[in-house]
């Protein structure tokens, strides 16, 4: 099955036409950063609203048996001035990227995340798990607008988002920290996504993320054939 068929199941509008995406597929980061500090290029947003911690996340998320639970992060570019949103679906390892061409403040990250959720079938969104980076200071506004809960990891606990961390490391080969990530076009990021979403993974029994996603969507009736 082609990747176009899979993406069509995600991104078709009400008239059956493929939406013009401002989001791409993958993104990454290799080095860890201290989460309590603000990153260059973004405002000193504070977590005014209480966080729901990963301890309160449904148990079936950890078992990786139900599609729709995602892990998210930012991958940063040169001098931490540019960034791309990375979202990885835990069951399939399927990656979606959100482009942040101007800045990565909490307001902009919230806006792009809302756009991503709005462009993908709602059945694909059960939760997002993120670290405590200040870019998610708008998590309550995001959840109220999308009905998608956000769960937060404990400080300095990257293993609690292990799927995303592993994926980010892989994606750094294509999106190095030494580059300005804002120069990557939608087409550039889509090409990178296709490479990673169509690469066989040991964790998936040597199937690709695209194949696993297609199988689940087929079972749910989102695609046929």
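Residue numbers (the numbering used here): 131 to 355.
Beta carbons: idealized from backbone N, C-alpha and C, even for Gly.
Q) Excluding sequence positions up to five away, which residues of its chain have a Cβ less than 6 Å from the Cβ of residue 187? A) 281
Q) If you draw a straight line from the alpha carbon of residue 201 to that of residue 308, how long is it in whole angstroms? A) 24 Å
Q | Segments of 4+ residues assigned as alpha helix (DSSP H) that fall wholly inside the stretch 264-350 | A | 269-276, 292-301, 316-327, 339-350
Q.
Short of 8 Å in beta carbon distance, which residues of its chain neighbour residue 257, apart from the five on each side in sequence? Order them along the chain.
A. 187, 188, 191, 198, 199, 200, 278, 279, 280, 281
Q) Does DSSP classify residue 234 as helix, strand or coil? A) coil
Q | Rounded separation between residue 196 and residue 254 - CA only | A | 10 Å
Q. Is DSSP giving residue 254 helix, strand or coil here?
A. helix
Q | Three-state class that DSSP yields for residue 226 in the structure shown | A | strand
Q: Assign residue 303 to buried or exposed, taking buried as 16 or more other Cβ atoms, counted over all protein chains shown, within 10 Å of its Cβ.
A: exposed
(Q) My assumption, with CB atoms under 8 Å, is that residue 343 sits in contact with residue 224. Please give the rounded CB distance. (A) 5 Å
Q: Spell out a yes or no on whether the stretch 228-239 and the stretch 311-328 are touching, meaning 3 or more CB-CB pairs, one atom from each, closer than 8 Å.
A: yes
Q: Might you give, ordered along the chain, the residues of its own chain that have their beta carbon closer than 6 Å to the beta carbon of residue 339, omitting 5 neighbours on each side?
A: 222, 223, 224, 327
Q. With burial defined as no fewer than 16 other Cβ atoms inside 10 Å of the residue's Cβ, what is the status of residue 323: buried or exposed?
A. buried
Q | Residue range of the beta strand (DSSP E) that includes residue 196 | A | Unbroken run through residue 196: none, as it is neither H nor E.
Q.
Just verifying my parser: in three-state terms, what is the DSSP assignment at residue 218?
A. strand
Q | Per DSSP, the bridge partner or partners of residue 202 | A | 217
(Q) Beta-carbon within less than 7 Å of residue 244's beta-carbon, same chain only, minus the 5 sequence neighbours each way: which residues are those? (A) 272, 275, 276
Q | Own chain residues within Cβ distance below 6 Å of residue 269, not counting five before or after | A | 280
Q.
From the DSSP secondary-structure annotation, give me the bridge partner or partners of residue 183.
A. 282
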